[in-house]
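Report on one structure; see the data block that follows.
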Amino acid sequence: MNRSTSLLIHPEELDTVWLDQLEALGVKTLGLHPVGGKRANETLAAMLNRFETPEYRRLLDEAERRGIEVTCEMHALRYLLPADALAAHPQWRRVNAQGERAADWNLCPSCGEALDYLSESAARLYARLPGRPKRVSLWLDDSQDAFCHCDKCRSLSPSDQQMIVLNAMLRGIRAVRPDAKLAYLAYFETLPAPTRPDLRDGLYLEFAPYKRDLTRPLDDPDCEANRRETEHLRSLLAFFGAEDATALDYWFDNSLLSRYTKPPQRLVPHPGVVKADMAFYRRLGFERISSFACYLGADYRALYGLPKLDSFAEGA
Ligand SMILES: [Zn+2]
């Protein structure tokens, strides 16, 4: 049985105490996750700048010395296709539900020129990531109702639109590292399985049940929210297969629990739920189980001490 686990933290929260915690938990992969939302392009750029500093370089080297693989998991679309590019090329924009070309989220996946731009942009970004990790998550914009309703895209589901966009990114990334793989993020509108197996090569499933109830197991048949979030899980796994399939949960996402506002609240995990969910994911065949663990850095420790993450190691 593969017991691969991973935690995602904000890049600015990484320090040697975090590396100690990962080691103690037996977590071998660390995902750096810049803050999402409307300003995800800025937090991503700040992370890239951080990578250039000697202090951060030392932390990344220390992670490597301890056998911890570092990857990046982030909403990258707006960084890859910035506002000025959308301003200069209105036809690259998505058409929103009101029928307007809107420069708010994502792009029009039927616009080949926009996809070519995205592809080159993804190659440049990927080349700057430390170690150029084999598996990387360059998610689309962090929003609901963020896909294109133009005449050409209207008949494509958000899931299939995402497949087209990811393929453009993957083309760029694979020019830098031919065996690189990109995550298909299943959350919000992209929870239903795609229908385009011709676009599947090089993509793996990353399932993130954002709207779940964290106080109850994901497979609790009496929990309406969790039933809804897992409704498409089996068809997603049937489509993508179990290889590299990653569950990305929110058990330790203290940014969510703090409503994305500092100071952080005290994290109160539900160990029974964590262990039941991890067993559930394994039964389904997920190769990797991960959780957000943001807002648990030095400022958290100063208020509450080390966060309680033992259930993540126990469930592994
Ligand atoms: Zn379109």
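Going by the working numbering, the sequence shown opens with residue 1069, and the numbers climb by one from there.
The beta-carbon is built from N, C-alpha and C at its ideal position, and this holds for glycine as well.
* ligand 1 heavy atoms versus the CB of VAL1233: any closer than 8 Å? -> no
* To do: Can you tell me the Cβ-Cβ gap for GLU1141 and HIS1101, rounded? I've got them flagged as a contact below 8 Å.
  => 5 Å
* Would you say LEU1149 and SER1189 are within 9 Å of each other, going by their C-beta atoms? -> yes
* Which residue spans inside the stretch 1339–1383 form an unbroken alpha helix (DSSP H) run of at least 4? -> 1339–1352, 1366–1372, 1378–1383
* Looking at LYS1202 and ligand 1, is the gap between the Cβ and the nearest heavy atom below 8 Å? -> no
* Note the first and the last residue of the continuous alpha helix (DSSP H) segment covering GLU1080. => Premise fails: GLU1080 is in no alpha helix (DSSP H) and is neither H nor E.
* To do: Check whether the stretch 1167–1174 touches the stretch 1316–1324, taking contact to mean three or more Cβ pairs, one atom from each stretch, closer than 8 Å.
  => no
* Can you tell me the Cα-Cα spacing of ASN1070 and ASP1152, whole angstroms? -> The predicted model places ASN1070 with a pLDDT of 47, which falls under 50 and marks its position as unreliable; any figure quoted below should be read in that light. Rounded to the nearest angstrom, the two C-alpha atoms are 44 Å apart.
* Of the choices LEU1098, SER1358, PRO1158, ILE1077, whose alpha-carbon is the least far from that of ALA1276? -> SER1358
* Nearest-angstrom Cα distance between LEU1335 and TYR1368? -> 9 Å
* Just the C-alpha distance for TYR1272 and MET1346, rounded to the nearest angstrom, thanks. => 19 Å
* **Endpoints, the alpha helix (DSSP H) within which ASP1152 is located** => 1151–1156
* Asked: Helix or strand or just coil, what does DSSP make of VAL1163?
  -> strand
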